[in-house]
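Since the structure comes first, as structure tokens, the remarks are kept for the end.
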Amino acid sequence: MERTEESMSQTPTGKREEALLESPERLTSPATPIEPSENGSPASPGRNRRWAFAFLLAAAGAAGALALSGGPQVQVVRVERRDLVQKVIATGRVEPPARVSLGTLVPGIAVRVLAEEGERVRAGQLLVELDRAEADAAVQQARAGVAAAEAQLAQLGTSSRVAAEALRQSEINLVSATADLERTEALTGSGAGSQRDLDTARQAVDLARSQRESALARLASTARGGSDALLASAEVSRARAALAQAQARLDQTRILAPADGLLLARDVEPGDVVQPGRVLLVFARDGETRLIAQPDEKSLAFLEPGQAAKASADAFAGRTFAARVMSIAPAVDPQRGTVEVKLAVPQPPVYLRADMTVSVDVEVARAAGTLVLPAEVVRDAAGASPWVLALREGRAERRDVELGIRGEGYVQILSGLAEGEEVIPQDAKKVRPGQKVRRG
28 MERTEESMSQ
38 TPTGKREEAL
48 LESPERLTSP
58 ATPIEPSENG
68 SPASPGRNRR
78 WAFAFLLAAA
88 GAAGALALSG
98 GPQVQVVRVE
108 RRDLVQKVIA
118 TGRVEPPARV
128 SLGTLVPGIA
138 VRVLAEEGER
148 VRAGQLLVEL
158 DRAEADAAVQ
168 QARAGVAAAE
178 AQLAQLGTSS
188 RVAAEALRQS
198 EINLVSATAD
208 LERTEALTGS
218 GAGSQRDLDT
228 ARQAVDLARS
238 QRESALARLA
248 STARGGSDAL
258 LASAEVSRAR
268 AALAQAQARL
278 DQTRILAPAD
288 GLLLARDVEP
298 GDVVQPGRVL
308 LVFARDGETR
318 LIAQPDEKSL
328 AFLEPGQAAK
338 ASADAFAGRT
348 FAARVMSIAP
358 AVDPQRGTVE
368 VKLAVPQPPV
378 YLRADMTVSV
388 DVEVARAAGT
398 LVLPAEVVRD
408 AAGASPWVLA
418 LREGRAERRD
428 VELGIRGEGY
438 VQILSGLAEG
448 EEVIPQDAKK
458 VRPGQKVRRG
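See below:
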């Protein structure tokens with residue numbers, strides 16, 4: 028078929044050459060003036076004919092070469108093997124391990140402010156102190172109340188011992204009165220005693236019994252678990268609670284650092300009147316630094332906890348540090364179409380600051396020595412059926428391909444092409460499948 032096309036392309040050219048050889052006089056017309064030669068004499072007609080014949084012969088040769096070339100000339104890209112890493116790239120910010128807002132639960136006047144923004148503080152360090160005169164007085168009053176209640180409880184213990192002694196004595200008296208009554212009854216029965224003596228003995232027994240019952244009741248109320256003891260104990264507890272409350276209010280006049288960390292912000296000066304609920308200090312605990320990134324939701328299929336990442340702060344371009352994916356938010360931001368990803372920074376650089384803007388590259392896949400092509404040569408790469416134009420035996424051949432991971436401007440070829448095969452880039456717009464082409 029190619030020889031047929033070649034003979035067809037040569038036939039017209041050959042005829043034109045024969046015609047020119049047979050009729051050289053056609054190269055110039057009678058009306059064409061004869062140009063003079065370099066010495067001023069007119070050029071000979073034979074020389075003009077030879078130049079015109081050479082020009083037509085060259086043009087015919089070029090046309091024949093184009094016809095024999097087999098199509099347009101194209102550049103090609105070879106399928107090669109290389110290591111490929113796919114990354115998810117996103118921007119984010121530095122998040123402190125724990126950001127704490129500090130304030131006071133009691134109103135007062137700030138008398139001392141002992142920390143500056145950006146200062147590192149230790150756990151328990153005094154940061155702000157309020158006027159404590161009123162709170163001190165309340166503590167002293169509460170302590171006095173505790174002392175009074177405890178004294179009352181102690182007095183009740185003494186009363187209990189007195190009641191016990193009174194009970195013992197009343198029991199002795201009852202025994203004695205009972206014995207007297209028995210003797211009087213015996214005498215009266217024998218006629219040696221009078222009725223009056225008998226009545227007196229009986230009254231003595233009744234009185235002794237009454238005193239014993241009263242002593243029992245008194246002992247019961249003053250003994251541990253008795254009503255008086257319970258009331259006294261309750262009063263002691265109430266007084267101690269009042270003291271604890273007063274002490275807590277006194278402690279709340281001193282704002283201390285809850286842990287080792289960094290003071291991020293301060294909104295109080297000496298002499299300021301402060302109220303409960305007002306944020307006076309913003310504090311960041313020491314601990315594992317974290318990054319908050321917002322990659323596109325399309326990256327969700329590739330992200331998972333534990334993946335390694337490289338990050339860099341925009342303020343320190345060129346310096347990178349290691350990070351690791353900690354967690355992925357369960358929901359997507361509906362307005363921005365992004366998902367929140369938290370990354371841990373095991374060894375944060377010293378220049379890293381809270382809320383710094385960072386760039387994060389998360390490595391989501393890696394393939395060693397895999398077949399790759401530049402991503403731009405793959406057609407419909409984002410569609411369901413990606414394909415390429417492969418150069419095969421001088422023709423552009425459509426080839427469906429299966430793609431794998433993508434990264435660094437390349438895409439992995441899982442099937443459809445072999446190593447070393449040549450592919451026509453997409454910028455060769457006029458090349459169609461099946462068309463003859465030449466390698467550039």
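Converting from the sequence shown to my numbering requires adding 27 to each position, the first position being numbered 1. Even for Gly, the Cβ is constructed at its ideal location relative to N, Cα and C.
Taking a contact to mean a Cβ-Cβ separation below 8 Å, would you say VAL133 touches PRO303 in this structure? Result yes, Cβ atoms of VAL133 and PRO303 sit closer than 8 Å.
State the CB to CB distance for the pair PRO413 and VAL405, rounded to an integer number of angstroms; the pair is presumed to be in contact (CB under 8 Å). Indeed they touch by this definition, with Cβ atoms about 5 Å apart.
On the criterion of 16 or more Cβ atoms from any shown chain inside 10 Å, does ALA176 qualify as buried, or is it exposed? Per the 10 Å Cβ criterion, buried.
Note down the Cα distance separating SER241 from GLU198, rounded to an integer number of angstroms. Between SER241 and GLU198, the C-alpha separation is close to 11 Å.
Apart from the five residues on each side of it in sequence, which residues of its chain come closer than 7 Å, Cβ to Cβ, to LYS114? Excluding five sequence positions before and after LYS114, the CB atoms of its chain that fall closer than 7 Å to its own CB belong to ASP388, VAL389, GLU390, VAL391 and GLY434, given in chain order.
By the three-class DSSP mapping on this structure, what secondary structure does SER386 have? Look at SER386 here: in three-state DSSP terms it is strand.
When DSSP builds the beta bridges, which residues end up paired with PHE310? DSSP, once it has assigned bridges, lists VAL127 and LEU290 as partnering PHE310.
Among ASP323, GLY145, THR131 and ARG126, which one has its Cα closest to the Cα of TYR378? For TYR378, the nearest C-alpha among the options comes from GLY145.
Is the stretch 349-366 touching the stretch 280-293, taking contact as three or more C-beta pairs under 8 Å? Taking one beta carbon from each stretch, the stretch 349-366 and the stretch 280-293 have fewer than 3 pairs nearer than 8 Å; the two do not touch.
Run the CB neighbour count on ARG459, radius 10 Å, all protein chains shown included, and call it buried at 16 or more, exposed below. With fewer than 16 other Cβ atoms within 10 Å, it is exposed.
So ASP323 packs on GLY288, CB below 8 Å; how close in whole Å? So it is not a contact: roughly 34 Å between Cβ atoms.
Am I right that VAL385 and ALA311 are in contact with their C-beta atoms under 8 Å? What's the rounded C-beta distance? Contact between VAL385 and ALA311 fails: their C-beta atoms lie close to 17 Å from each other, not under 8 Å.
Report the rounded CA-to-CA distance for ARG317 versus VAL112, giving the unit in angstroms. Each residue's alpha carbon lies about 24 Å from the other.
Relative to the C-alpha of ARG105, which residue among GLY431, PRO373, LEU416 and GLN462 is closest? The shortest Cα separation from ARG105 among GLY431, PRO373, LEU416 and GLN462 belongs to LEU416.
Exposed or buried, which one is GLU331 when buried takes at least 16 other CB atoms within 10 Å? By the neighbour-count rule (16 or more Cβ atoms within 10 Å), GLU331 is not buried but exposed.
For GLU367 and PRO361, the rounded distance between their alpha carbons: Distance between the alpha carbons of PRO361 and GLU367 is about 12 Å.
Near VAL372, what residues of its chain come up, given a Cβ to Cβ distance below 6 Å and the 5 sequence neighbours on each side ignored? Once the five neighbours on either side are set aside, the close Cβ partners of VAL372 are THR316 and ALA350.
Could you tell me the distance, in whole angstroms, from the CA atom of ARG293 to the CA atom of SER354? Cα to Cα, the separation comes out at about 31 Å.
Where ARG425 and GLY461 are concerned, what is the direct C-alpha to C-alpha distance, given to the nearest angstrom? The straight-line gap from Cα to Cα measures roughly 8 Å.
Hey, GLY98 and LYS463: beta-carbon distance below 8 Å or not? The criterion of a C-beta distance shorter than 8 Å is satisfied by GLY98 and LYS463.
So what does DSSP say about GLN321, is it helix, strand or coil? Coil.
I'd like to check one pair, ASP382 with LEU159: are the Cβ atoms closer than 8 Å? Checking the sequence, you will find Arg at residue 159 rather than Leu. No. Outside cutoff.
Based on the DSSP output, what are the partners of VAL109 in its beta bridges? Val is not the amino acid found at residue 109; the sequence shown has Arg there. In the DSSP output, where bridge partners are listed per residue, ARG109 has THR397.
Spell out the partners DSSP gives GLY434 in its beta bridges. Per DSSP, TYR437.
Measuring CA to CA, which of GLU448, ARG170 and ALA125 is closest to ARG267? It is ARG170 whose Cα lies nearest to the Cα of ARG267.
Would you identify the three-state DSSP class for LEU208, choosing helix, strand or coil? Here LEU208 carries a helix assignment [DSSP, helix/strand/coil].
Which of the three DSSP states, helix, strand or coil, is assigned to ARG530? The structure shown does not extend to residue 530, since the chain spans only 28 to 467, so no value can be given for it.
How is the beta strand (DSSP E) around ASP427 delimited, first residue to last? For ASP427, the enclosing beta strand (DSSP E) stretches over residues 422-427.
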